[in-house]
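>
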Amino acid sequence: MKLYVATRAPNPRRVTMFMAEKGIHDIESVNVDLHSGEHRSDAFMAMRPFAKVPALQLGDGRVLSEARAICVYLEGLYPTPNLMGAGGTERAFIEMADRQDDLYLFASVANCIRHTHPGLAELEVRQFADFGAAQGDRVLGVARHFDVLLASRKFVTMERFTIAGITLLCALDFAKGPMKFRPAEQGLQHMQAWRDRIAARPSASA
1 MKLYVATRAP NPRRVTMFMA EKGIHDIESV NVDLHSGEHR SDAFMAMRPF
51 AKVPALQLGD GRVLSEARAI CVYLEGLYPT PNLMGAGGTE RAFIEMADRQ
101 DDLYLFASVA NCIRHTHPGL AELEVRQFAD FGAAQGDRVL GVARHFDVLL
151 ASRKFVTMER FTIAGITLLC ALDFAKGPMK FRPAEQGLQH MQAWRDRIAA
201 RPSASA
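In case it helps, the working numbering puts the sequence shown at residues 1 to 206.
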């Protein structure tokens, strides 16, 4: 198998961190240079028509795309440690938490950066600055909600580390770069403490 990733891109990081948590080291990693437009090359788009990373090419030639779908596949191949839920109830609550991280925080961070950062102008077909700024404002509101939740929780959900923690950390670290968003500077001490604790996990540096 080959995993196509891109340096500093947050969605591939979700997969590589997931793999590191599981101790998966036998999948070849191939870096795609987004700034040179390699993701829009004929060769890459023949495999991944939407020109996005990550993408996992299976041994039979089929290609899985989207970070969560790739993680679902890997969870099936490498079930230990369990990161997506054991049994229907756990899976449902972890799915809910992960989707909330993704839809309400991660997506707003991504939209803000894509539409306001000058360095991404060539990657975004057209930037809409007002939309990007509004999404940036939304990030703070959602982060305040998470800060309240994390005041009484060691983990995002369940009593152990799961994929929901990976998604939340990757969202916060993505915001830390181009957006200069640091929870402590916004008075979100619980979120900052959670972020710093999870960032110390070996998988966060994978």
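Every residue gets a Cβ at the ideal spot worked out from N, C-alpha and C, and that includes glycine.
For a minimum of 4 consecutive residues, which ranges assigned as the alpha helix (DSSP H) are wholly contained in the region 105-186?
107-116, 129-150 and 163-176
> Given a threshold of 16 other Cβ atoms within 10 Å of its Cβ, counted over all protein chains shown, does phenylalanine 44 qualify as buried or as exposed?
For the purposes of this step, residue 44 is taken as the residue at position 44 of the sequence shown. When all chains shown are included, phenylalanine 44 counts as buried.
> Is DSSP giving serine 205 helix, strand or coil here?
As a working mapping, residue 205 is identified with position 205 in the sequence shown. Here serine 205 sits in helix by DSSP.
> Could you name the residues of the same chain whose beta carbon sits closer than 6 angstroms to that of phenylalanine 272, not counting the 5 residues immediately before and after it, in chain order?
The structure shown does not extend to residue 272, since the chain spans only 1 to 206, so no value can be given for it.
> Is methionine 96 buried or exposed, if buried means 16 or more other CB atoms sit within 10 Å of its CB?
Along the sequence shown, read from residue 1 onward, the residue named residue 96 stands at position 96. Per the 10 Å Cβ criterion, exposed.
> Taking proline 178 as the reference, which of Gly141, Ala206, Thr116 and Ala164 has the closest Cα?
For this step, residue 178 is matched to residue 178 along the sequence shown. With distances taken between Cα atoms, proline 178 lies closest to Thr116.
> Taking 8 angstroms as the threshold, find out whether the region 28-39 comes into contact with the region 102-112 through three or more Cβ pairs.
no
> Would you list, in sequence order, the uninterrupted alpha helix (DSSP H) runs of no fewer than 4 residues that lie entirely inside the region 19-81?
List check, alpha helix (DSSP H) in window: 42-47 and 67-77.
> Measuring CB to CB, does isoleucine 70 end up less than 8 angstroms from methionine 84?
Within the sequence shown, the letter at position 70 stands for residue 70. Within the sequence shown, the letter at position 84 stands for residue 84. No, the Cβ-Cβ distance between isoleucine 70 and methionine 84 is not below 8 angstroms.
> Using DSSP with H/G/I as helix, E/B as strand and the rest coil, what is leucine 83?
Locating residue 83 in the sequence shown gives position 83, where the first residue counts as 1. Three-state DSSP puts leucine 83 in coil, outside helix and strand.
> Per the DSSP calculation, leucine 3 is bridged to which residue(s)?
Within the sequence shown, the letter at position 3 stands for residue 3. Per DSSP, Ser29 and Leu56.
> Please classify glycine 132: is it buried, with 16 or more other beta-carbons within 10 angstroms of its beta-carbon, or exposed?
Your numbering for residue 132 matches position 132 in the sequence shown. Label assigned to glycine 132: buried.
> Rounded to whole angstroms, what's the CA-CA distance from leucine 74 to glycine 141? Just pull it up for me.
Counting from 1 along the sequence shown, the entry for residue 74 is found at position 74. Counting from 1 along the sequence shown, the entry for residue 141 is found at position 141. Going from the Cα of leucine 74 to the Cα of glycine 141 covers about 33 angstroms.
> Please report the distance separating the alpha-carbon of alanine 55 from that of alanine 129.
The residue given as residue 55 occupies position 55 in the sequence shown. The residue given as residue 129 occupies position 129 in the sequence shown. Roughly 29 angstroms separates the two Cα atoms.
> Grouping DSSP H, G and I as helix and E and B as strand, with all else coil, what is alanine 97?
The residue you call residue 97 lines up with position 97 of the sequence shown. It is helical.
> Please classify leucine 58: is it buried, with 16 or more other beta-carbons within 10 angstroms of its beta-carbon, or exposed?
Walking along the sequence shown from the start, residue 58 turns up at place 58. By the 10 Å Cβ count, leucine 58 comes out exposed.
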